[in-house]
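Take a look at the structure set out below.
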Amino acid sequence: MVTCKKPLRKPFHDGSSFSRNLEAIFDICKFTILRFHFLALFSFFLFGFAPIYAADPTIVIHWSTVTTDGDPDLLKDRNGNPLSIGSGGNGSGYVATLGYFDQADDNSLQNHFLGSWIPLTEGTRVGDSSTGYGFSDGMFSFTTVFTKSSDLVTVFPFEPASYQVQTPFPITASAPPSGTPICIRFYDATEIGPAARYNTVTGSEWKWPAFSSGIPENLYLKISSGTAYAGSSWEYGNYFEDSDNNFTTSLELQSFLTVNITGSGSVGSLDPSYNYGSTVPITATPNANMEFVEWQGSGIAQPSFAQTTVLMDADRNITAVFEPKDFNVLINENGNGSTTGSGLYPYGSTINITATPAFGYEFSYWEGAGPDSN
Numbered sequence: 002m003v004t005c006k007k008p009l010r011k012p013f014h015d016g017s018s019f020s021r022n023l024e025a026i027f028d029i030c031k032f033t034i035l036r037f038h039f040l041a042l043f044s045f046f047l048f049g050f051a052p053i054y055a056a057d058p059t060i061v062i063h064w065s066t067v068t069t070d071g072d073p074d075l076l077k078d079r080n081g082n083p084l085s086i087g088s089g090g091n092g093s094g095y096v097a098t099l100g101y102f103d104q105a106d107d108n109s110l111q112n113h114f115l116g117s118w119i120p121l122t123e124g125t126r127v128g129d130s131s132t133g134y135g136f137s138d139g140m141f142s143f144t145t146v147f148t149k150s151s152d153l154v155t156v157f158p159f160e161p162a163s164y165q166v167q168t169p170f171p172i173t174a175s176a177p178p179s180g181t182p183i184c185i186r187f188y189d190a191t192e193i194g195p196a197a198r199y200n201t202v203t204g205s206e207w208k209w210p211a212f213s214s215g216i217p218e219n220l221y222l223k224i225s226s227g228t229a230y231a232g233s234s235w236e237y238g239n240y241f242e243d244s245d246n247n248f249t250t251s252l253e254l255q256s257f258l259t260v261n262i263t264g265s266g267s268v269g270s271l272d273p274s275y276n277y278g279s280t281v282p283i284t285a286t287p288n289a290n291m292e293f294v295e296w297q298g299s300g301i302a303q304p305s306f307a308q309t310t311v312l313m314d315a316d317r318n319i320t321a322v323f324e325p326k327d328f329n330v331l332i333n334e335n336g337n338g339s340t341t342g343s344g345l346y347p348y349g350s351t352i353n354i355t356a357t358p359a360f361g362y363e364f365s366y367w368e369g370a371g372p373d374s375n
């Protein structure tokens, strides 16, 4: 990547836009990593000072916005202002994340947004790629290196040289599967919370590549409504989750609510998702001869109350637990003898009762509701 940095500070002489020349330079230098591996191996052969190890397979994804001031495709907040790169050092800008949806398919661009959002570069921010390089608000450019069987992602913005973020799971040949539609999500806040708004963008060729042996797999993604110049490696994407607000944050964060029932009872009607940070009333109603025991799961205000609330500051999986009511069995003796079986028993259970006559007496019959045999 160093070989690509220096020329970008110099003016171009053909009058073309900075953004187009940035694409061209990425194309010219896209085998830098491969050359680096070759030089490293060559050095080992030449000097013989260290053993040679095969490099772990990697996937390298370059993802960028347009990088021209005033371009209508700059990313903007809900008020139409370009996303902030922050006022201080790196890490102070608005959040921008590469990721995918866990139920996505490639049947349509809209289907790229199916399921739950899985961030792969949680912690990347617009300012990380802008501070010290000259990018303005609304712009970013990242190179992210995913290594097979690792959950660490190396991120190369232009300044500083690099840092690492963590994926939710180790990246493997099947996680995520090759061909999975991938997206870029951007927010109008420095932290993901109830006040943040977001939008997500994808493209027809934005698909997770397969690992190959030896040579890093490179993918170039740009958020732009234009078309790449002939021969470019960049894949342009401009299909937004909220298509009424292209290039603009507009959607409220959602948390998913999953409700389960143990025993016989019901839970009042609930939606599958709610605005992040909202408080949702929940009600559990037992069936006849049943009683409510408790709510199980996180975020519930009063788990022992049938009517309570759940805080949706994360995806929630809750369970309403019901159990049969206990009924009292009381056995009285008429005459001389003894009995067993008195006590509390759950509704619907079958119990054994016995009657033993005293000496000189014999058992006659049972009276009352319930006995199967007299």
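Counting from 2, one number per residue, gives the positions in the sequence shown under the working numbering.
The C-beta atom is built at its ideal place from N, Cα and C for all residues, glycine as well.
Quiz item: Nearest-angstrom Cα distance between glycine 344 and aspartate 316?
Solution: Here residue 344 is taken as the residue at index 343 of the sequence shown, counted from 1. Here residue 316 is taken as the residue at index 315 of the sequence shown, counted from 1. If I take the Cα positions, the gap works out to 43 angstroms.
Practice problem: Please report how far the alpha carbon of isoleucine 172 lies from the alpha carbon of asparagine 318, in whole angstroms. | Solution: Numbered from its first residue, the sequence shown carries residue 172 at position 171. Numbered from its first residue, the sequence shown carries residue 318 at position 317. Their backbone Cα atoms lie some 26 angstroms apart in a straight line.
Practice problem: Using the DSSP secondary-structure output, state which residues sit across from asparagine 261 in a beta bridge. | Solution: By 1-based counting over the sequence shown, the position of residue 261 is 260. Among the bridge pairs identified by DSSP, asparagine 261 is matched with Thr320.
Practice problem: Return the bridge partner residues of threonine 181 from the DSSP annotation. | Solution: Residue mapping note: residue 181 aligns to position 180 of the sequence shown, counting from 1. Threonine 181 has no beta-bridge partner at all, per DSSP.
Exercise. Check whether the Cβ atoms of valine 1 and glutamine 165 sit closer than 8 angstroms, and answer yes or no.
Key: No information on residue 1 is available, as it lies outside the stretch 2 to 375 that the chain covers here.
Self-check item: Same chain, Cβ closer than 6 angstroms to tyrosine 277, five either side skipped, listed in chain order
Solution: Numbered from 1 along the sequence shown, position 276 holds the residue referred to as residue 277. Counting only residues of its own chain and dropping the five nearest sequence neighbours on each side, tyrosine 277 has a CB closer than 6 angstroms to the CB of Pro195, Leu254 and Ser256.
Exercise. May I ask which residues mark the beginning and end of the beta strand (DSSP E) holding asparagine 219?
Key: Your numbering for residue 219 matches position 218 in the sequence shown. According to the DSSP assignment, asparagine 219 belongs to the beta strand (DSSP E) that extends over 218-224.
Exercise. List the DSSP bridge partners of glutamate 253.
Key: As a first step, residue 253 must be located in the sequence shown, where it is residue number 252. Bridge partners of glutamate 253: Arg198.
Quiz prompt | Under 8 angstroms between C-beta atoms of alanine 307 and threonine 284 | solution = Here residue 307 corresponds to residue number 306 of the sequence shown, with the count starting at 1. Here residue 284 corresponds to residue number 283 of the sequence shown, with the count starting at 1. In this structure, alanine 307 places its C-beta atom within 8 angstroms of the C-beta atom of threonine 284.
Quiz item: Closest to proline 177 by CA distance: which of Trp118, Thr66 and Ala229 is it?
Solution: As a working mapping, residue 177 is identified with position 176 in the sequence shown. Nearest neighbour of proline 177 by Cα position, chosen from Trp118, Thr66 and Ala229, turns out to be Trp118.
Quiz item: In chain order, what residues of the same chain lie with their CB nearer than 7 angstroms to the CB of lysine 31, ignoring the 5 residues before and after it?
Solution: If you number the sequence shown from 1, residue 31 lands on position 30. Residue confidence is low: lysine 31 scores 42 on pLDDT, short of 50, so the model does not pin down where it sits. Its coordinate-derived value is still stated next. Asn219 and Ser234, listed in sequence order.
Quiz item: By a C-beta neighbour count over all protein chains shown, 10 Å radius and 16 as the cutoff for buried, is aspartate 106 buried or exposed?
Solution: On the sequence shown, position 105 is the one that residue 106 refers to. With fewer than 16 Cβ atoms within 10 Å of its Cβ, aspartate 106 is classed as exposed.
Quiz item: What are the partner residues of methionine 313, as DSSP defines its beta bridges?
Solution: Locating residue 313 in the sequence shown gives position 312, where the first residue counts as 1. Beta-bridge pairing links methionine 313 to no other residue.
Quiz item: The beta strand (DSSP E) with glutamine 297 in it runs from where to where?
Solution: Within the sequence shown, residue 297 is the residue found at index 296, counting from 1. It spans 291-297 - the beta strand (DSSP E) in which glutamine 297 sits, taken as one unbroken run.
Quiz item: Which term fits aspartate 103, buried or exposed, when burial requires 16 or more other beta carbons within 10 angstroms of its beta carbon?
Solution: Stepping through the sequence shown from its first residue, residue 103 is reached at position 102. So aspartate 103 counts as exposed.
Self-check item: Stretch pair the segment 69-83 + the segment 241-255: three plus CB contacts closer than 8 angstroms
Solution: Verdict: yes, contact present.
Exercise. Would you identify the three-state DSSP class for asparagine 112, choosing helix, strand or coil?
Key: Taking the first residue of the sequence shown as 1, we reach residue 112 at position 111. Three-state result, asparagine 112: helix.
Self-check item: Residue nearest to glutamine 297 in terms of C-alpha spacing, selected from Asn288, Val311 and Gly361
Solution: Mapped onto the sequence shown, residue 297 falls at position 296. Of the listed residues, the one whose Cα sits closest to glutamine 297 is Val311.
Practice problem: Using the Cα positions of valine 146 and threonine 201, report the straight-line distance between them to the nearest angstrom. | Solution: Within the sequence shown, numbered from 1, the residue matching residue 146 stands at position 145. Within the sequence shown, numbered from 1, the residue matching residue 201 stands at position 200. A direct Cα-to-Cα measurement between valine 146 and threonine 201 gives close to 21 angstroms.
Practice problem: Put aspartate 272 into one of helix, strand or coil per three-state DSSP. | Solution: On the sequence shown, position 271 is the one that residue 272 refers to. Aspartate 272: coil per DSSP, three-state reduction.
Quiz item: Do the segment 205-220 and the segment 265-275 meet, that is, are 3 or more Cβ pairs less than 8 angstroms apart?
Solution: The segment 205-220 vs the segment 265-275: no contact.
Quiz item: Using the C-alpha atoms, what's the distance from glycine 349 back to valine 1?
Solution: Outside the shown range of the chain, which is 2 to 375, sits residue 1, and nothing can be said about it.
Quiz item: Roughly how many angstroms separate the alpha carbons of alanine 356 and glutamate 368, rounded to a whole number?
Solution: Here the question's residue 356 lines up with position 355 in the sequence shown. Here the question's residue 368 lines up with position 367 in the sequence shown. Cα to Cα, the separation comes out at about 12 angstroms.
Quiz prompt | DSSP-derived helix/strand/coil call for alanine 130 | solution = Along the sequence shown, one-based indexing puts residue 130 at 129. The question names alanine, yet the displayed sequence has serine at residue 130. Secondary structure at serine 130: helix, using DSSP grouped into helix, strand and coil.
Quiz item: Do threonine 203 and histidine 113 have their CB atoms nearer than 8 angstroms?
Solution: As a first step, residue 203 is located in the sequence shown; it is residue number 202 there, counting from the start. As a first step, residue 113 is located in the sequence shown; it is residue number 112 there, counting from the start. Histidine 113 sits close to threonine 203, with the two beta carbons spaced by under 8 angstroms.
Exercise. Output the boundary residues of the beta strand (DSSP E) element that contains proline 358.
Key: Locating residue 358 in the sequence shown gives position 357, counting from the first residue. Taken as a continuous stretch (DSSP letters only), the beta strand (DSSP E) holding proline 358 covers 355-358.
Quiz item: Is the Cβ-Cβ distance between serine 137 and aspartate 70 less than 8 angstroms?
Solution: Working through the sequence shown from its first residue, we reach residue 137 at position 136. Working through the sequence shown from its first residue, we reach residue 70 at position 69. In this structure, the beta-carbon distance from serine 137 to aspartate 70 falls below 8 angstroms.
Practice problem: Figure out for me which residue from Ser142, Thr181, Arg198 and Ala174 has the closest Cα to the Cα of glycine 100. | Solution: Taking the first residue of the sequence shown as position 1, residue 100 is located at position 99. Minimum Cα-Cα distance from glycine 100 among the listed residues Ser142, Thr181, Arg198 and Ala174 corresponds to Thr181.
Quiz item: Which term fits glycine 87, buried or exposed, when burial requires 16 or more other beta carbons within 10 angstroms of its beta carbon?
Solution: In the sequence shown, counting from the first residue as 1, residue 87 sits at position 86. Counting other Cβ atoms within 10 Å of its Cβ, glycine 87 reaches 16 or more and is therefore classed as buried.
Quiz item: If we count the other Cβ atoms within 10 Å of its Cβ and call it buried at 16 or more, is glutamate 363 buried or exposed?
Solution: Position 362 of the sequence shown, counting from 1, holds the residue named residue 363. By the 10 Å Cβ count, glutamate 363 comes out exposed.
Quiz prompt | Residue-chain proximity (valine 322, chain B), Cβ-Cβ < 8 angstroms | solution = Absence of chain B from the displayed structure is noted, only one protein chain being present.
Quiz prompt | Exposed unless 16 or more other CB atoms sit within 10 angstroms - verdict on aspartate 327 | solution = Walking along the sequence shown from the start, residue 327 turns up at place 326. Looking at its Cβ environment, which holds fewer than 16 other Cβ atoms inside 10 Å, aspartate 327 is exposed.
Self-check item: Limits of the beta strand (DSSP E) - the one that alanine 377 falls within
Solution: Here the chain covers residues 2 to 375 and nothing more, so residue 377 does not appear.
Quiz prompt | Separation of glutamate 292 from serine 305, as counted between CA atoms | solution = On the sequence shown, position 304 is the one that residue 305 refers to. On the sequence shown, position 291 is the one that residue 292 refers to. If I take the Cα positions, the gap works out to 12 angstroms.
Exercise. Assign leucine 153 to one of two classes, buried (16 or more other C-beta atoms within 10 Å of its C-beta) or exposed (fewer than that).
Key: For the purposes of this step, residue 153 is taken as residue 152 along the sequence shown, with counting starting at 1. Its Cβ having fewer than 16 others within 10 Å, leucine 153 is exposed.
Quiz item: Does DSSP put proline 83 in a helix, in a strand, or in coil?
Solution: For this step, residue 83 is matched to residue 82 along the sequence shown. In this structure, proline 83 counts as strand in the three-state DSSP scheme.
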